[in-house]
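Comments concern the structure below.
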Amino acid sequence: MTNSRRAGSVAAVAVFLAAVFVAIPLAIAATGRTDLYYTLSSVALLAIASGGVWLTFYIGRINIGQGAWALVGGYASAVLVTTYGWSFWLSLPVAGLFCALMSMLVGLPILRLRGVYFSMVTLVLTEVARLTALALPITNGARGITSIPTPGAIRLFGVTLVPGFETFANRNAPFYFLSAAMMTLCFAGLWRLVHSRLGRLFAAMRQNEELASSMGVNVPLLRVVAYAISSFLGGIGGAIFVAIAQSIYPSSFTINDSVNFMLNCFLGGLGFVFGPMLGTLVLYFGWDLLFQTGQYQLLIYSGVMILLMLVLPNGLLSLRWPSRGRP
Amino acid sequence: MTSHSTVRAGLFGLASLIALAAAAPADAANPVLKVGFVGVTSGPAAAWGTSNVRSMQTLAEWWNSQGGVKIGDKTYDIDVVTFDDQKDPKRAIAGMEKMAQEGIHYVVGPNVDDGAAAVRPVAEKAGIIYFPYAFPKELYTKPASNAVLGMVASYQSGPAIYKYLKEKKGVKSVAFVAANESDPLSQRDSGVAAAKALGLTVVADKDTYQNDTRDFTPVLTPIVKLNPDLLVLSGVAPANAPLLIRSARELGFKGLISTETAQDAKVLEEGAGELANGFISVGGASTPAIRSKAMEEFIARYTKKFGEYNDESNTKVYALQYIIDTLKADPKAIDSVDEFKKTIDGFSAANPYLKDESAKLHYVGDTSFGQKRQLAVPLVVNEYKDGKFETLFVANVD
Amino acid sequence: MTAPILTVRDLTKRYGGLTAVNEVSFDVQEGEILSVIGPNGAGKSTIFKLISSFVKPTRGEVRFRGEVISGLAPHVVARKGVVRTFQETTIFKGMTARDSVIVAHHLRSQASLAGFFFGTVAARRDEDAFARSADEILEFLGLDAVGNELASNLPQGHLRALGIAIGLAADPKILLLDEPFAGMNVDETRQAVERVRAVRDRGVTCLLVEHDMAAVMKISDRIVVINFGVKIAEGTPEAIRADDKVIEAYLGVEDETIGL
Amino acid sequence: MEQVIANGLYLGAQYALIALGLTLIFALMNVLNFAHGQMYVLGGFVVYEVYGLMKLPFVVALIAAAATLAVLGAVLERFLFRTVIRRSEREESTMLLAAGVAYFLDAAILLIFGEKQRGVRKIVNGVFMWDNLILPWDRILVAGLAIAFIVAFILMMQYTKPGRAMRAMAQDRTAAQLMGVPVAFYGLVGFALGAMLAGLVGGLLVTITGVNSGIGGPISIKAFMMVMIGGAGVVGGAIAGGFILGMLESVGLTVLHSYGDVTYLVIFIAMMIFLAIRPNGLMGKPWG
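This is the structure:
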């Protein structure tokens, strides 16, 4: 990377951080639109899950099953918090790791599938997750888990690092900062991953798995690793969502969500790490913006989606960097 | 180039659509009182929310055309603000946030369990009273206090129906079938409990179907073999009821069929024809036998505005009526949900939709929830016959 | 004579009722160029996939320095030093030639994948070493001028060389070359032959599977001839040239490829 | 048991016809048509309008449904899919387009035809009874028609010029193009045909199951499953997948009746295991 490009990247990151953590909260405070905190938290959380889907795209798999892991992560956190009395903060990484672990077991056989077959089997996986949640006693079946407490304070050696969320006047603000921070962290990790050797190996696998294995790359293992990271992100997104809703049902994440996660990646652009972030912002926020249009909402929303696809078939981010094909 | 002109034409169409939609109501003679709706008006469950929204819009338009509603010493025009949550609890939260942002304190919906549970934190924090069409008791029992159940719950109507059928029709055995989704399964479980409590034999309580099922013959084949006296379609969507009835009858099922949810006569007639005769459901709360002139005018206006009436609106007309009448009883409640909650306990007003002039609007729910968090709407049990519902009996909750 | 680097014993592969390869045995000596030839459909490419372990044998085995490698996963075999190349259509289309070769250095990395993620000292040292090695390999194969071209834009001749470059990057003890001369004209073939010799001179044993008899005769130390999945001859180019069974097998198909 | 098998066969016939159109479009264009279910719904509503409300003969309604959808399919291919396929770097990008089209049709259908479940009068009355077996005549007729359409489709693919051209294209698009097959034209024809099949089966089934504006999405997903079992892009696979899913549901719901709640869970997990063992379905073409 040349120095000028490095400086450019640093500036871009600074602008992004300033926008997310300073400008947006200030703008919300100035306009009084506190409802945007929730909308933007949703965008951040869905973007995290979509980022996971993007990573599976990156190894050449069309993943329409992220809803399953968001649901599993959500339930894992909810069960740990309500049944076992864990702190939300501890349950969050554990939920993510649980998803990663489970997805390794599931991924080992299904990642052998390619193309539409993988897509469809992951689509079925979403439904399997929902039906499992309906059938299991620990998830409380059809009744779901409700009245989940909000995240408490984090204290280390008597010092309060993060105050309990119930102490905030507007409960959406702390969730916004949590979600935005997690999104920043996850995408920074994703960016680093893609630009490290592992990312290049993933790209090599996407382009040709046989060639990659001929040069000694353990393709089945790396596929599972990518899928586990992807599911980890799904689980994290799901778990924070559950904390916001303070409830989870088998239908909290469905096939529609799985499809949307995938669409976010397409819309942002598959060639760009930050594609899913932008895609989620446009698709999710777009729906919200159109809410005034009443019964025509879905019609306009889908119309815009089709137009975007016609104009920018390689994703929104391809607008700036025409067909460079680099992440 | 063709693709460019397509794009341009599309954009133009879109712009005109947005303009069309933006050119909404408000000739601002009166101050506007906004009432919200958050629920599902698209996708497979669109019918539920649509009947809500349309009842609210019809009623608001009617009142506004008469010069508005007088609450305290001011007269308001009613504006219905709707949000389609696509049956997604995450969207439902966003919708409730929007309502809070608009300064709305009274919201009808959501239509399903998960959405109703998800919006609870927002509603309580933002001071919104909401009227879900979802049955989980946690929503209405303490410490929850901002939700008011908008209809009769299945665990209230079920026992009444089974008792009637046991005593009047000699039903001894009963089978349940439900979609494998939260709401229907919960309703099935409460139905099974109610049937067992009455001493009925439950011969099937585990049969489910996927929401993509269009042909119910395979689902019903094993159940019909058990030959129960009564087949209960727990929490059945209006779209599926005629299909289930038709499949059961065509398989030779001779017993009774019932459900605890409201249905639409036209849908039953088109979907099952005379096979649906004898089907027992909880009717909309203002069926022809008991409805007043006002209700008939409401139906006429609804039909004129939207082309076709939906029998579910017999029940769904009530929520907005209750909100406004409660506000009339205590104008301070317009900005204060706490006032509203206080007023609930002693509230009573005439029910304009029933012939019976002694009928009152009031809040109930002490038995089920330990506090008054349910709209009192008549529990009307119907039997379908040749395109119409005939009232079997009317009961009251509590 | 030292112990062979690769031994193939009774290698058999059946697809349903069809026997593609039947009890083939031969040895590859360290430092030699050995070619497996045969008419179209003789089972050459199956043998190739069996040795590189992309296909599991029905019976028989392949040993590398005495260790059984048949049946192992392809990447494990590659790790041991048995590396295959592909024909020119199998490349990383979206990468530049140089990037492809750098990625192919995977097996030489000292740092762990986590190390690469966090950018440890070892990882950076690896990255530098890979880049240097890649440049060396590209130059060695005459690809230094096109290193920054997208692989999908390269002409066929360069793609063949790139295939070998990717193979070399994995630091093989024995390189398996899949039809390295297929579809080439006389001039290109001559260059390619030079390339394979140069690879052998780097100390890498070469096993070729090839159809082009003339080139094979020129380059090979020894030749194994397969027909209908069975080994029909083995020996030096001179011996093969004189073998009646070979002539018969090839005459039965298309005589101009024999190059006699 | 006879009843269970009869149910399975009857379901299978209609499922196979649903899967056929989806697999055809996939085979020719490599497009996973998310809007397949919406096309099915539209076909159902056309028949509802023509047969149910305008009281014209059922055959006329069915032809109207087929024609409407064929035109819609052709328009979608010509003005949307063709452009996006040409201009996108990864052909999977058509998935977003297909999903957009699905949402658009969903919205349009809801606005035009309303949110209610619709049904039409029976095409034939009466019930066929034999021993323990009970089958209404209209179901038998619908299953028969479905099978007739499938057979007609196969014959067309085998013995007509467009059929042969499309088969060549499905096998190898480039080779077909080199052989002089006008692939752009047959892409259009194939898309129209696939959409037409969706409309046809939607129109056929409206006489049994009615139609409502919301079922498009679920139908698409069900169709994906059939295609997945049988193998994508192969006519035989779609038909096999349809019949297998039909049987699986019918037998599964009866055999697992006492476990009720988990029937579909078992079916889906079995499906995943099956695919893990056979990554291209029963007879599918491997992915590019």
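Protein chains in written order, with the numbering used here: chain A, 74 to 400; chain B, 1485 to 1882; chain C, 231 to 490; chain D, 193 to 480. Beta carbons: idealized from backbone N, C-alpha and C, even for Gly.
Rounding to the nearest angstrom, what Cα-Cα distance links residue i and residue j in this structure?
{"i": "residue 25(A)", "j": "residue 334(A)", "result": "A question about residue 25(A) goes unanswered here, because the residues of chain A that appear run from 74 up to 400."}
{"i": "residue 112(A)", "j": "residue 358(A)", "result": "7 Å"}
{"i": "residue 402(C)", "j": "residue 320(C)", "result": "19 Å"}
{"i": "residue 104(A)", "j": "residue 98(A)", "result": "10 Å"}
{"i": "residue 1763(B)", "j": "residue 299(D)", "result": "32 Å"}
{"i": "residue 435(C)", "j": "residue 389(C)", "result": "21 Å"}
{"i": "residue 1781(B)", "j": "residue 1837(B)", "result": "10 Å"}
{"i": "residue 322(C)", "j": "residue 364(C)", "result": "16 Å"}
{"i": "residue 177(A)", "j": "residue 405(D)", "result": "39 Å"}
{"i": "residue 83(A)", "j": "residue 90(A)", "result": "11 Å"}
{"i": "residue 271(A)", "j": "residue 301(A)", "result": "14 Å"}
{"i": "residue 1537(B)", "j": "residue 199(D)", "result": "39 Å"}
Starting from residue i, find everything on chain B with Cβ-Cβ shorter than 8 Å and list it in chain order.
{"i": "residue 455(D)", "result": "1692"}
{"i": "residue 364(D)", "result": "Those within 8 Å of residue 364(D) in chain B number zero; the least Cβ separation is about 28 Å."}
Label residue i either buried or exposed according to how many other C-beta atoms from any shown protein chain fall within 10 Å of its C-beta, with 16 as the threshold for buried.
{"i": "residue 447(D)", "result": "exposed"}
{"i": "residue 1800(B)", "result": "buried"}
{"i": "residue 351(D)", "result": "exposed"}
{"i": "residue 361(A)", "result": "buried"}
{"i": "residue 213(A)", "result": "buried"}
{"i": "residue 296(C)", "result": "exposed"}
{"i": "residue 286(C)", "result": "exposed"}
{"i": "residue 450(D)", "result": "exposed"}
Contact check, residue i vs residue j under 8 Å by CB: the rounded distance?
{"i": "residue 1699(B)", "j": "residue 201(D)", "result": "Contact doesn't hold; Cβ gap of about 12 Å is too wide."}
{"i": "residue 1677(B)", "j": "residue 1669(B)", "result": "13 Å between Cβ atoms; not a contact."}
{"i": "residue 287(A)", "j": "residue 339(C)", "result": "Contact doesn't hold; Cβ gap of about 17 Å is too wide."}
{"i": "residue 161(A)", "j": "residue 316(A)", "result": "6 Å"}
{"i": "residue 1674(B)", "j": "residue 1701(B)", "result": "Wrong, their Cβ atoms sit about 27 Å apart, outside the cutoff."}
With DSSP run on the structure shown, which of helix, strand or coil describes residue i?
{"i": "residue 282(C)", "result": "coil"}
{"i": "residue 383(A)", "result": "helix"}
{"i": "residue 1738(B)", "result": "coil"}
{"i": "residue 490(C)", "result": "Its pLDDT being 41, under 50, residue 490(C) is placed unreliably by the model, and the measurement read from it follows with that caveat. If DSSP states are grouped into helix, strand and coil, residue 490(C) belongs with coil."}
{"i": "residue 127(A)", "result": "helix"}
{"i": "residue 321(D)", "result": "strand"}
{"i": "residue 401(C)", "result": "coil"}
{"i": "residue 241(A)", "result": "coil"}
{"i": "residue 179(A)", "result": "helix"}
{"i": "residue 1877(B)", "result": "strand"}
{"i": "residue 362(C)", "result": "helix"}
{"i": "residue 1631(B)", "result": "strand"}
{"i": "residue 1858(B)", "result": "strand"}
{"i": "residue 1839(B)", "result": "coil"}
{"i": "residue 1682(B)", "result": "coil"}
Note down, in chain order, every chain C residue with its Cβ under 7 Å from the Cβ of residue i.
{"i": "residue 265(A)", "result": "347"}
Taking Cβ-Cβ distances shorter than 9 Å, what residues in chain C pair up with residue i?
{"i": "residue 288(A)", "result": "305, 308, 313, 333, 334, 335, 336, 337, 396, 397, 399, 400"}
{"i": "residue 292(A)", "result": "303, 304, 305"}
For residue i, return the contacting residues in chain A, with the cut-off set at a CB-CB distance below 9 Å.
{"i": "residue 1748(B)", "result": "Those within 9 Å of residue 1748(B) in chain A number zero; the least Cβ separation is about 19 Å."}
{"i": "residue 1788(B)", "result": "Correct list: empty, because the minimum Cβ distance to chain A is about 17 Å."}
Can you name the residues of chain C whose CB is closer than 8 Å to the CB of residue i?
{"i": "residue 79(A)", "result": "In chain order: nothing, as chain C lies at least about 14 Å away."}
What does residue i touch in chain B if you count any residue whose Cβ is under 7 Å from its own?
{"i": "residue 311(D)", "result": "1726, 1754, 1755"}
Run down chain A in chain order and give the residues with a C-beta less than 7 Å from the C-beta of residue i.
{"i": "residue 463(D)", "result": "197"}
In chain A, which residues lie with their C-beta within 8 Å of the C-beta of residue i?
{"i": "residue 282(C)", "result": "287"}
{"i": "residue 322(C)", "result": "276, 277, 280, 281, 284"}
For a contact meaning CB atoms closer than 7 Å, what does residue i contact in chain D?
{"i": "residue 205(A)", "result": "457"}
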